[in-house]
Every structure is written in C-alpha cells, then in structure tokens.
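*Asks:* Under this note's numbering, the first residue of the sequence shown carries the number 41, and numbering increases by one thereafter.
Note that beta-carbon positions come from the ideal geometry of N, C-alpha and C, so glycine has one too.
My questions will all concern the structure given below.
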Amino acid sequence: MVYYVFTYLYAMLFMCQRFYKRRKKRKNKKESKEIMEEIENSIK
C-alpha cells in the first residue's frame, strides 16, 4: 500500500518537474528537492 502511494506521488512529481521546466529553469531543482523531502517525511 505504501509502495503504491509512493509511486503515485513520484509520478506526480515527475509531471510537475516537466511542467516547471517549461516555466522556471532556475528554481526547478530546489523545488523538486523540497517536494521529495516532504514526500519522504509523509511516508515516515
């Protein structure tokens, strides 16, 4: 169950990264790191 939620959130993150790359190029890496940290904290 947890693995399914993680893969779903990761897919959403991947789509968000592609969307942000078209709009923002500099802040993309920082935002992706913050989102990954939030996902890891929510799973733990």
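How close, in whole Å, do the beta carbons of Ile83 and Phe46 come, if the pair is a contact with beta carbons under 8 Å?
*Replies:* Here residue 83 refers to the residue found at position 43 when the sequence shown is read from its first residue. Here residue 46 refers to the residue found at position 6 when the sequence shown is read from its first residue. Right, the Cβ-Cβ distance comes to about 6 Å (below 8 Å), so this counts as a contact.
*Asks:* Is the Cβ-Cβ distance between Glu78 and Tyr60 less than 9 Å?
*Replies:* For the purposes of this step, residue 78 is taken as the residue at position 38 of the sequence shown. For the purposes of this step, residue 60 is taken as the residue at position 20 of the sequence shown. No, they are not a contact pair.
*Asks:* What would DSSP say about Met41, mapped onto helix, strand or coil?
*Replies:* As a working note, residue 41 is residue 1 in the sequence shown. Coil at Met41, not helix or strand.
*Asks:* Excluding the 5 residues preceding and the 5 following Leu53 in the sequence, name in chain order all residues of the same chain whose CB lies nearer than 6 Å to its CB.
*Replies:* Position 13 of the sequence shown holds residue 53. Cβ within range, chain order: Ile75.
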